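Novice: Attaching a single structure in structure tokens format; questions to follow.
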Amino acid sequence: MGLTSFAVDELGDVVFVELPEVGAKYEQGESICTVESVKASSAVYAPVGGEVIEVNSSVKESPEKLNKDPFGESWLVKLKVANHDHLKSLLSASDYEGLVEQSKH
Amino acid sequence: MRKAATHLSKSALRSLASQHVTFNLSVLSSGFAASRRGYADEASLKKTPLYDYHVENGGKMVPFAGWSMPLQYKDSIMDSTTNCRENGSLFDVSHMCGLSLKGKDSIAFLEKLVVGDITALAPGTGSLSVFTNEKGGIIDDTVITKVKDHHIYLVVNAGCRDKDLAHIESHLKPFQASGKDVKWHIHDERSLLALQGPLAPTVLQHFVKEDLSKMYFSDFKMIDINGYPCFLTRTGYTGEDGFEISVPAENALDLTKAIMEKGEGKIRLTGLGARDSLRLEAGLCLYGNDLEQHITPIEAGLAWTISKRRRAEGGFLGADVIQKQIQDGPARRRVGLIASGAPPRGHCEILDLSEKVIGEVTSGGFSPCLKKNIAMGYVSSGNHKNGTKLKVSVRGRISDAVITKMPFVPSKYHKPAEGA
Chain A
63 MGLTSFAVDE LGDVVFVELP EVGAKYEQGE SICTVESVKA SSAVYAPVGG
113 EVIEVNSSVK ESPEKLNKDP FGESWLVKLK VANHDHLKSL LSASDYEGLV
163 EQSKH
Chain B
24 MRKAATHLSK SALRSLASQH VTFNLSVLSS GFAASRRGYA DEASLKKTPL
74 YDYHVENGGK MVPFAGWSMP LQYKDSIMDS TTNCRENGSL FDVSHMCGLS
124 LKGKDSIAFL EKLVVGDITA LAPGTGSLSV FTNEKGGIID DTVITKVKDH
174 HIYLVVNAGC RDKDLAHIES HLKPFQASGK DVKWHIHDER SLLALQGPLA
224 PTVLQHFVKE DLSKMYFSDF KMIDINGYPC FLTRTGYTGE DGFEISVPAE
274 NALDLTKAIM EKGEGKIRLT GLGARDSLRL EAGLCLYGND LEQHITPIEA
324 GLAWTISKRR RAEGGFLGAD VIQKQIQDGP ARRRVGLIAS GAPPRGHCEI
374 LDLSEKVIGE VTSGGFSPCL KKNIAMGYVS SGNHKNGTKL KVSVRGRISD
424 AVITKMPFVP SKYHKPAEGA
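The listed protein sequences correspond, in order, to chains A and B.
Residue numbering for the first sequence follows the numbering used here, starting at 63 and increasing by one per position.
Residue numbering for the second sequence follows the numbering used here, starting at 24 and increasing by one per position.
Right, dumping it as structure tokens:
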């Protein structure tokens with residue numbers, strides 16, 4: 063899981079990322095990590111419940127990478143999904159794009 | 024269910040100018056709340072003469088103190104901040120409130136309300152001062168300029184405008200009623216611009232006849248700039264050399280365009296986001312964060328604004344409290360911090376090495392120029408010396424911090440050569 067390009071653009075230059083511990087378990091909707099820009103810190107919530115199996119430490123060392131490639135290199139956390147039903151409640155990429163467009167008006 | 028990402032644009036950006044805000048970035052699904060458009064809010068915000076110009080130039084507008092102001096433009100806050108120090112910035116600060124006091128009793132009047140030694144202030148110069156309340160706390164900080172003996176010009180914060188004007192008026196009326204000679208005028212017919220950075224003097228020189236190299240930090244002139252009758256002060260809120268220009272509101276846009284054209288792309292329009300980073304790097308206080316009604320100028324490290332005469336004589340509101348603090352030392356003091364880990368923000372606790380709470384952060388963030396976390400806050404006296412190792416608690420995680428002398432970035436004010 064990570065951030066969308068819309069989200070990083072809104073945040074601005076990322077200066078700090080706090081990642082969870084490997085092995086920690088989170089409920090859907092629980093704050094799992096934090097991303098900070100010059101002016102704001104933002105909690106990132108687990109989109110589905112699960113257990114952290116890997117974190118992307120390269121993002122911790124170079125937080126600015128998130129601004130360049132949020133969908134690729136700069137993923138944040140890998141979660142082992144606890145309940146596959148949660149996946150049904152997520153937006154598709156096109157649904158999300160629609161939401162973003164609405165919010166701009 | 025959690026709120027979806029639609030909330031984050033306007034409402035999240037709202038506070039970013041001066042404070043840290045936590046907002047939701049995740050994308051969850053069903054049951055998202057419809058985002059609040061806040062049309063009524065936006066329609067009631069005041070606009071400066073440069074509003075359309077900001078929008079045309081990519082300004083991201085946010086509400087600030089009842090005005091719609093640019094938080095940033097197309098460049099990031101980081102780039103905007105470093106550009107100010109490398110080249111220069113033009114800020115629209117027309118939301119701030121300028122006022123004049125005129126009359127032979129204007130100095131006597133003002134000295135009842137501020138700690139500054141306005142009597143001793145040389146004509147054509149200004150200084151930082153504070154308005155105090157009965158407990159010696161700070162109502163607002165202000166730059167006060169003596170234009171001439173019977174004319175004082177002041178600039179106060181936008182967020183404190185209503186409070187300050189009501190406070191001044193409540194004291195002015197009885198003072199006038201007792202037969203004293205002082206009148207006030209609020210300069211709503213003027214707009215304030217700030218031109219800051221190493222290129223500021225060269226660019227501004229194109230528009231004035233007088234030799235600006237002889238105008239030093241804190242000097243004031245009434246002067247034509249590009250033919251417009253302006254109030255010019257060599258001062259600012261960035262630590263860089265620069266000027267604040269009070270121009271008639273109807274000329275503000277033309278002057279801005281003229282300056283930007285002569286700036287040849289190096290002077291950039293700069294918003295409140297970078298303005299906040301710059302002032303923090305310069306160790307300058309922000310009212311509402313580092314200065315507040317319950318904080319005295321002594322606690323805030325602003326004792327230098329109170330001359331020997333005013334310390335002895337008092338005569339301003341709360342003088343007794345302030346005099347006692349000067350004598351005994353204040354219980355807490357403002358300090359600068361450099362911290363590791365996540366950037367400390369306002370309200371984060373400051374701890375000693377045994378993790379006992381000894382204070383609180385009042386402003387903090389990542390410094391674009393130093394590439395470190397910097398912060399200002401208050402600690403109990405005894406813990407305030409430069410070099411003191413402390414800790415800060417940021418969202419439950421504790422990291423190391425050290426008290427650091429401010430300004431964090433050295434200032435570059437234009438002062439006469441030593442011995443001159």
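Every residue gets a Cβ at the ideal spot worked out from N, C-alpha and C, and that includes glycine.
None of the values given here were measured: they were computed from a predicted structure.
Is there a C-beta anywhere in chain B that falls below 8 Å from the one on residue 160/A?
Specialist: False, the Cβ-Cβ gap to chain B never drops below 8 Å.
Novice: If we count Cβ pairs, one from each stretch, closer than 8 Å, do we get three or more for the stretch 244 to 252 of chain B versus the stretch 152 to 167 of chain B?
Specialist: No: fewer than three Cβ pairs fall under 8 Å.
Novice: Give the secondary structure of residue 132/B by DSSP, where H, G and I count as helix, E and B as strand, and everything else as coil.
Specialist: Residue 132/B falls in the helix class under three-state DSSP.
Novice: DSSP beta-bridge partners for residue 176/B?
Specialist: Answer is 123/B, 168/B, bridged to residue 176/B.
Novice: For the structure I just gave you, are there three or more beta carbon pairs, one from the stretch 272 to 286 of chain B and one from the stretch 125 to 142 of chain B, closer than 8 Å?
Specialist: They do not touch, by the three-pair rule.
Novice: I want to verify the contact list: residues of chain A whose CB lies under 8 Å from the CB of residue 365/B, in sequence order.
Specialist: Per Cβ cutoff of 8 Å: 78, 80, 96, 98, 103.
Novice: Can you tell which of 100/A, 102/A, 138/A has the C-alpha that lies nearest to the C-alpha of residue 65/A?
Specialist: Ranking 100/A, 102/A, 138/A by Cα distance to residue 65/A puts 138/A first.
Novice: Using beta-carbon positions only, say whether residue 127/B and residue 146/B come within less than 8 Å of one another.
Specialist: Taking 8 Å as the Cβ cut-off, residue 127/B and residue 146/B do not qualify as a contacting pair.
Novice: Could you tell me which of 89/B, 73/B, 88/B sits nearest to residue 82/B, measuring between CA atoms?
Specialist: Of the candidates 89/B, 73/B, 88/B, the one whose C-alpha sits nearest the C-alpha of residue 82/B is 73/B.
Novice: Buried or exposed, going by whether 16 or more other CB atoms sit within 10 Å of the CB of residue 318/B?
Specialist: Classification of residue 318/B: buried, given that the 10 Å Cβ count is 16 or more.
Novice: Taking only three categories from DSSP, how would you classify residue 353/B?
Specialist: Residue state, collapsed to three classes: coil.
Novice: Answer with buried or exposed for residue 263/B, where buried requires no fewer than 16 other C-beta atoms within 10 angstroms of its C-beta.
Specialist: Residue 263/B should be labelled buried.
Novice: Between residue 78/B and residue 180/B, what straight-line distance do the alpha-carbon atoms span, to the nearest angstrom?
Specialist: In a straight line, the C-alpha of residue 78/B is about 23 Å away from that of residue 180/B.
Novice: Mark residue 126/A as exposed unless 16 or more other C-beta atoms lie within 10 angstroms of its C-beta, in which case mark it buried.
Specialist: With fewer than 16 Cβ atoms within 10 Å of its Cβ, residue 126/A is classed as exposed.
Novice: Would you tell me roughly how many angstroms separate the C-alpha atoms of residue 276/B and residue 88/A, rounded to the nearest one?
Specialist: Residue 276/B and residue 88/A: Cα-Cα distance of roughly 53 Å.
Novice: Taking 7 Å as the cut-off, is the CB of residue 307/B close to at least one heavy atom of the ligand MN?
Specialist: You won't find the ligand MN in this model; it holds no ligand whatsoever.
Novice: CA-CA distance, residue 136/B and residue 339/B?
Specialist: Straight-line Cα distance between these residues: approximately 5 Å.
Novice: Along chain A, which residues have their Cβ under 7 Å away from the Cβ of residue 99/B?
Specialist: 74, 75, listed in chain order.
Novice: From residue 360/B to residue 440/B, what distance separates their C-alpha atoms?
Specialist: For residue 360/B and residue 440/B, the distance between alpha carbons rounds to 31 Å.
Novice: Determine the chain A residues that contact residue 300/B at a beta-carbon separation under 9 Å, and present them in chain order.
Specialist: Those are 100, 101, listed as they occur along chain A.
Novice: Here's a check: name, in chain order, each residue in its chain whose Cβ is nearer than 6 Å to the Cβ of residue 86/A, leaving out the five neighbours to either side.
Specialist: Same-chain partners within the cutoff: 114.
Novice: Considering just the uninterrupted stretch of the beta strand (DSSP E) at residue 86/B, what are its terminal residues?
Specialist: Element bounds for residue 86/B: 83 to 87.
Novice: According to DSSP, is residue 190/B helix, strand or coil?
Specialist: Note: residue 190/B maps to helix in three-state DSSP.
Novice: Between residue 432/B and the rest of its own chain, which residues show a CB-CB distance below 8 Å, the 5 nearest in sequence each way excluded?
Specialist: Answer for residue 432/B: 108, 262, 304, 305, 390, 392, 393, listed in chain order.
Novice: Kindly give me the distance between the Cβ atoms of residue 112/B and residue 290/B, rounded to whole angstroms, as I take these residues to be in contact under 8 Å.
Specialist: Between residue 290/B and residue 112/B the Cβ distance is about 7 Å, and since that is below 8 Å, they are a contact.
Novice: Straight-line CA distance for residue 353/B to residue 95/A?
Specialist: Approximately 40 Å between the Cα atoms of the pair.
Novice: Residue 80/A: which of 155/A, 161/A, 122/A sits nearest, CA to CA?
Specialist: Among 155/A, 161/A, 122/A, the Cα nearest to that of residue 80/A belongs to 122/A.
Novice: Does residue 37/B come out as helix, strand or coil in the three-state DSSP assignment?
Specialist: Residue confidence is low: residue 37/B scores 40 on pLDDT, short of 50, so the model does not pin down where it sits. No coordinate-derived value is stated.
Novice: Could you give the first and the last residue of the continuous alpha helix (DSSP H) run that contains residue 107/B?
Specialist: Residue 107/B -> alpha helix (DSSP H) spans 100 to 109.
Novice: From what residue to what residue does the alpha helix (DSSP H) around residue 148/A run?
Specialist: Residues 147 to 150.
Novice: Run the CB neighbour count on residue 197/B, radius 10 Å, all protein chains shown included, and call it buried at 16 or more, exposed below.
Specialist: Exposed.
Novice: Of all the CB atoms in chain A, is at least one closer than 8 Å to the CB of residue 87/B?
Specialist: Judged by the 8 Å Cβ criterion, residue 87/B is not in contact with chain A.
Novice: With distances taken from CA atoms, which of 117/B, 366/B, 301/B is nearest residue 220/B?
Specialist: Checked all of 117/B, 366/B, 301/B; the closest Cα to residue 220/B is 301/B.
Novice: Measuring only the C-alpha atoms, how far is residue 83/A from residue 417/B?
Specialist: So the alpha carbons of these two residues sit roughly 17 Å apart.
Novice: With distances taken Cα to Cα, identify the nearest neighbour of residue 272/B among 215/B, 257/B, 295/B.
Specialist: The option with the nearest alpha carbon to residue 272/B is 215/B.
Novice: Nearest-angstrom Cα distance between residue 200/B and residue 206/B?
Specialist: Their backbone Cα atoms lie some 12 Å apart in a straight line.
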